[in-house]
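Asker: My questions will all concern the structure given below.
Protein chains in written order, with this note's numbering: chain A, 1 to 501; chain B, 1 to 1015.
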């Protein structure tokens, strides 16, 4: 009996209470240990880059607008392409939650950075630069949300998106702020970024935040809301550092899209997100299952309308964009409207993201940097500002700068008989130049009424999917703003929804 | 005393003296209230002579007239009969009245049990063809819902007792095998034929002692054991079975009609064919014929029991091979079990050990849940949606066409290719080992110590052969002449340890001379420690040399990284985690004269999942009973044999926030994670927003029950009513996506009430006049459960999950959808009802409303009968559920014209709205509002059903014939499972807990033949 008691006693003593109830899981990493010094702050900022570097807007724009038609492997298209846009739309939800993640992580970053005091001047510079980058990235995230979700960009009191400069708690259910409030917040962030990056002495690089990024974003946001004096100011500032080539050179221009950081890129690209094999690698898969050629099983192809314009520009003016935007292996039907099977007989492969030849293998074939600000866009902003100012020849002069960089047979500047005509020409040139870069939806939203343009898909493209709708007008509710996604409404039931959803 | 002893001795001596003279053969039948008891032991008291009963309960033994025969069977009180001059002695073992009720950490007699529990003995579920021990319970226990949502052999089932008491936390009962808590989802490697009994504990009085883990009830499984002083008994069971797909009722297109529709709409192959070509089109494929098969399975089970004076044992060996109805899905299982019982000569020390080692191999073709609708990986998708005009015999050419074009409509050929080349295999080893020991310190004091281990080790293998179409396509993108293919292997082990030490006191006092009318008190104190660890690691290699590749092996086939690209760099992963519980608890029980009883338990638990003040939970219960039939005033009420009223109230807790055993282990803390981010820089980001308020979810149950045995015990059963209130429900609460990107966070969000009534009854309709006469028993169990969310800690008292809500006053996860009205005759668009009761073509989120329905049945149960005549036996069991609805997304896709040219559709589309066919239930093919955003109830379908769950016909061979071939008994039988189902649901399987059904592996129909031998 004593033996048994002894055994029982020993067994019970083997197990202490805490061992079973105070368990810290392996690799737990808390807030207080995360932010210790300036290096930690600099390390954390890459996470915000990662959140801001998203291509959902580009994908949505390609699917939804008249940029693309269905590809050979695109089946019947997704809901966006069929113009079936609703609160459960995957891309709309992705844009909302994705850029809000960038904003939230920036706010967490600011809270953590506040715990750190830089030890010396070198650390101070690292610290300031990281903070400056975070401010700029938060402003960028807001600019995207503003563009897609604001009900009406031209109305300062129209609802945009919630503004928050703190780490929201589970009880927070934020209402949407107005366009003016969001723009103010963006501008404040950019001013802060400007100061910090100046203090830190941050030099220009194409794939990290710089003062040129800050100015380009200031110009773009001002243009979004029609504040053209400000827009033109900052566009001019950017153009002080970037100049488009004066003649078209297809080989040079191709380098820009192959992510070769040579002369062409330094002229054409103000900022791009750097995508690598390991991080942010699947951009080309928006359009192609694999590589961007006719064997890569295209999902979405160059829309027939866009292709026809490129083709006519090419034969009339030697437009180099025809060969750069469209892959040479494309199968072009000589008589596509009468083709028995246009999906398989007319394959126009999007080649704007041809893969980075320095990156190997299958994944390299669909990995490219995301071009966010290009020199051409600054000229378009100046053109818009000129039209707004009643300076139609000024607008034409800006378009000529862009066209001279693309046409091997330079053309005289256009002459416009009305502002509408000028707006339409700007939109048309943006449609070609900025195709597949996530601008078309926002362009129709803010300029559609001025230019009297909506989406105009080619009828053959529309015949490839079974849904009934083909074109929609600029004043259709779907073209005016994306829906606040259902996933947000669930947690934030009192948030105001956009019209029509 | 001394004189008495002397007397007995003298008698014994006299008996011994007569041994040589008058041996006679005594035969008879051992039965209980339910019928014959097979495997009972018949022994001659004080000798080494034994016999056992066969399946018919019959025995034969050589004995002298003075001998006392002892009839014993596990779980029954032994009965003694003096032989005298009888040659036939039929015995009815003390029936349910004295049946031992397994009650948490101890057992109790039925009379003295205060709890709501149902016992299922091996007899009720043996020989069922189903491979899962748990699935056999379906329809057998009032209030227990077993829903199996996959036809994969060995698939896990969802087990729910008395409705869903938790939204997000674990809702499945705690399962204890021989005292060892085991993983409720790992029944694949447990041999159903080892099970002696399964006891389902339901009310708080029964489960409160399990505190932290008993919130959803407890199922206690006892495996078979030997008996002391038992001769060796060998049993063999062999079964062969076939498994087949239950056909769906969707009205799908034939190939010609489909081509006509394509032709009309200018899409797909049909658009390129003339009418004449379509009319002559010969191929018409039902892809389910290609992807499903008749699966052949077999089972062999051998068991041995024996016992000596101080030791008895049970050993079983089982081999099962089961082919699924879906191609390339099967299960192979091998298990060995050994149960040992040891006792000291003075009976004070008892030790029971059990060891089960099981090994299973599982091939599955369907992908894990998340990829179930990945068209190139899921052959169920292609079985449902493959185009009827493609010919499976054209695989050779079509697969090359797909490799060239990647057209999704060719996906059936891709999954055919997968079946040929690619695999998905899971090997599992499970060891359940335990020891329960007790030592009787004095007549009143007993010390006990239990220790148990549940160990599971799994290896997963997934591979794409370099010759497969998927691998060839990927290789072609790397470059010409490249090869690809991948192999992913992962390893997972899960070790769960528990240890319970207790000390108990039991005393009866104030009893009469004969032991009646005494007061019995019982008190036990326990300390319990539970700790569990898991470990996983794995790798994935891309790039396999087809010359040497063999699944699960490197052998030089792994192509190394080279300068050209990084395609062939393997990826690795590793993970581990732990969880634990520490508890102390006590119980007290009082009985007076088997008439009145009172019990109480209290328990304190600490969980590693909670922090600070929330760490400890206290759970308790009180229970009382009144054995009305024991009262003096009932003596003359002859038709009442036993009647007991019991009542209980108590609380139990749940710490499994996110349902799984290792889920949500540190959700109280805000955490960051490190990883690679922008431009290949290492960074860290917040990965989890902690919820420091997380606390125990608790369930308070009030239960009132009656156990009855009436009319000479011909009618027996139980009746229970209950009210279960869950407080601090675990659920993901919806938060703004500005707070957390996913829009949800695990939290305690509110309260829920389940109310219900359960009735179980069994009636001996026809009692046999002779041993082999006609015998008919009928049985039924029905339960009704309703639930209501009583409070929600969220703005407006609502948690919006899109198409269902958790809302105050509504059912849990009640559907919340826009009512679909039908087709607008004016334009063929869909019409919905808006929030103001007006028809609309453009519904918004605000137009959703409650439907009054959910996925949980209101009424559910089973009924059937058992029949014996001569040597034949026949049994049938029906099961049913009512009041549940689910989304049929297969039906939705069959009705979606957007899929034309890509996937199979319903021929109902031919009656779509047109300007000349305005009154119809099918919208126009050009309807502009097919995709409305908020879900409507258009595809929310009733999934009520009545099913012939089980049917068995068998024959027992005559022993006289068997004697010549050394068999004690033998029988053969045929079974059918899921033979017929009546339901409105159009898919194969109405039986699932899922909100929506979409390309899942349906449970099959099974036929089997078996033979049981005993020698």
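In this text, a Cβ means the ideal position worked out from N, Cα and C, and glycines have one as well.
#1: Quick one, which of 328(A), 327(A) and 347(A) has its alpha-carbon nearest residue 335(A)'s?
#2: Can you tell me which of the three DSSP states residue 97(B) falls into?
#3: Kindly indicate the opening and closing residues of the beta strand (DSSP E) around residue 181(B).
#4: Have a look at residue 456(B) and residue 534(B) and give me their C-alpha separation to the nearest angstrom.
#5: My assumption, with CB atoms under 8 Å, is that residue 377(A) sits in contact with residue 299(A). Please give the rounded CB distance.
#6: Can you tell which of 43(A), 44(A), 462(A) and 372(A) has its C-alpha closest to the C-alpha of residue 76(A)?
#7: Return yes when the Cβ of residue 975(B) is within less than 8 Å of the Cβ of residue 1008(B), no when it is not.
#8: For residue 554(B), is the classification buried or exposed, using 16 other Cβ atoms within 10 angstroms of its Cβ as the cut-off for buried?
#9: Buried or exposed: which applies to residue 439(A), given that a residue is buried once 16 or more other Cβ atoms fall within 10 Å of its Cβ?
#10: Could you work out which residues of chain B lie near residue 28(A), taking near to mean beta carbons separated by less than 8 Å?
#11: For chain A, is any of its Cβ atoms less than 8 Å away from the one on residue 477(B)?
#12: Going by CA-CA distance only, name the one from 814(B), 827(B) and 927(B) that's closest to residue 918(B).
#13: Kindly give me the distance between the Cβ atoms of residue 648(B) and residue 629(B), rounded to whole angstroms, as I take these residues to be in contact under 8 Å.
#14: Looking only at its own chain, which residues have a Cβ that is under 6 Å from the Cβ of residue 314(A), when we skip the five neighbours before and after it?
#15: Residues of chain A with CB closer than 7 Å to the CB of residue 567(B), please, in chain order.
#16: DSSP has residue 68(A) in a bridge; who is on the other side?
#17: Looking only at its own chain, which residues have a Cβ that is under 6 Å from the Cβ of residue 127(A), when we skip the five neighbours before and after it?
#18: Could you tell me which chain A residues have their CB closer than 9 Å to the CB of residue 732(B), listed as they occur along the chain?
#19: For residue 256(A), which residues in the same chain have their Cβ closer than 7 Å to its Cβ, ignoring the five residues on either side in sequence?
#20: Note the first and the last residue of the continuous beta strand (DSSP E) segment covering residue 434(B).
#21: For residue 371(B) and chain A, any beta-carbon pair shorter than 8 Å?
#22: Have a look at the DSSP bridge pairing and note the partners of residue 780(B).
#23: Starting from residue 746(B), trace the beta strand (DSSP E) in both directions and tell me its first and last residue.
#24: Which residues in chain B sit within 7 Å of residue 207(A), going by Cβ to Cβ distance?
#25: Any idea what DSSP makes of residue 81(A), helix, strand or coil?
#26: Please list, in chain order, the chain B residues whose beta carbon lies closer than 7 Å to that of residue 23(A).
#27: Please compile the residues from chain A whose C-beta is within a distance smaller than 8 Å of the C-beta of residue 743(B).
#28: Can you tell me whether residue 379(A) is buried or exposed? The criterion is at least 16 other CB atoms within 10 Å of its CB, across all chains shown.
#29: Taking Cβ-Cβ distances shorter than 8 Å, what residues in chain B pair up with residue 102(A)?
#30: Return the CA-CA distance between residue 302(B) and residue 36(B), expressed in angstroms with no decimal places.
#31: Give, in chain order, every unbroken run of the beta strand (DSSP E) that is at least 3 residues long and sits entirely within the stretch 201-240 of chain B.
#32: So, does the CB of residue 405(B) fall closer than 8 Å to a CB anywhere in chain A?
#33: Give the single residue among 34(A), 83(A), 296(A) and 21(A) whose Cα lies nearest to the Cα of residue 929(B).
#34: Of the residues 152(A), 188(A), 197(A) and 196(A), which one's Cα is nearest the Cα of residue 179(A)?
#35: Please confirm whether residue 52(A) and residue 190(A) have their CB atoms less than 8 Å apart.
#36: Given a threshold of 16 other Cβ atoms within 10 Å of its Cβ, counted over all protein chains shown, does residue 971(B) qualify as buried or as exposed?
Answerer: Looking at the coordinates:
#1: Across the set 328(A), 327(A) and 347(A), the C-alpha of 347(A) shows the shortest separation from the C-alpha of residue 335(A).
#2: Reliability fails at residue 97(B), whose pLDDT of 36 lies under 50, so the model's placement of it is uncertain and no value is given.
#3: For residue 181(B), the uninterrupted beta strand (DSSP E) run begins and ends at 180-182, by DSSP.
#4: C-alpha separation (whole angstroms): 9 Å.
#5: At roughly 26 Å, the Cβ-Cβ gap does not stay under 8 Å, so residue 377(A) and residue 299(A) are not in contact.
#6: Ranking the options by Cα distance to residue 76(A), first place goes to 462(A).
#7: In this structure, residue 1008(B) sits near residue 975(B), with a CB-CB distance shorter than 8 Å.
#8: Result: exposed.
#9: That one is buried.
#10: Simply 666, 669 and 671.
#11: Contact of residue 477(B) with chain A is assigned, a C-beta pair being separated by under 8 Å.
#12: Nearest C-alpha to residue 918(B) among 814(B), 827(B) and 927(B): 827(B).
#13: With 8 Å as the limit, residue 648(B) and residue 629(B) do not qualify as a contact, their Cβ atoms being about 20 Å apart.
#14: Sequence-distant partners of residue 314(A) (beyond 5 residues in either direction) whose C-beta falls short of 6 Å from its own C-beta, in its chain, are 322.
#15: Ordered by position in chain A, the residues that pass the 7 Å Cβ test against residue 567(B) are 361 and 362.
#16: DSSP output for residue 68(A) lists 302(A) as bridge partner(s).
#17: Cβ contact annotation for residue 127(A) (same chain, cutoff 6 Å, sequence separation greater than five): 38, 41 and 118, in chain order.
#18: Think of a sphere of 9 Å around the beta carbon of residue 732(B): no beta carbon from chain A falls inside it, the nearest being about 10 Å out.
#19: Exclusion of the five residues before and after residue 256(A) leaves 264, 265, 268 and 269 as the residues of its chain whose Cβ lies within less than 7 Å of its Cβ.
#20: Taken as a continuous stretch (DSSP letters only), the beta strand (DSSP E) holding residue 434(B) covers 423-440.
#21: For residue 371(B), the pLDDT reaches just 49, beneath the cut-off of 50, and the residue's location in the model is therefore unreliable, leaving the point undetermined.
#22: The partner list for residue 780(B) (beta bridge, DSSP) reads 761(B) and 863(B).
#23: 744-748 is the extent of the beta strand (DSSP E) around residue 746(B).
#24: Within 7 Å Cβ-Cβ: 679.
#25: Under the three-state reduction of DSSP output, residue 81(A) falls in the coil class, being neither helix nor strand.
#26: The contact set of residue 23(A) on chain B, defined by CB atoms closer than 7 Å, consists of 578, 579, 580 and 608 in chain order.
#27: Within chain A, the residues near residue 743(B) are 97, 487, 488, 490 and 491.
#28: Looking at its Cβ environment, which holds 16 or more other Cβ atoms inside 10 Å, residue 379(A) is buried.
#29: Here the premise fails: no neighbours, minimum Cβ distance about 10 Å.
#30: Cα-Cα distance, rounded: 22 Å.
#31: Fully enclosed beta strand (DSSP E) runs of 3 or longer: 218-223.
#32: Taking Cβ atoms only, chain A reaches closer than 8 Å to residue 405(B), which makes this a yes.
#33: The option with the nearest alpha carbon to residue 929(B) is 83(A).
#34: Sorting 152(A), 188(A), 197(A) and 196(A) by C-alpha distance to the C-alpha of residue 179(A) places 152(A) at the top.
#35: Cβ atoms of residue 52(A) and residue 190(A): not closer than 8 Å.
#36: Label assigned to residue 971(B): buried.
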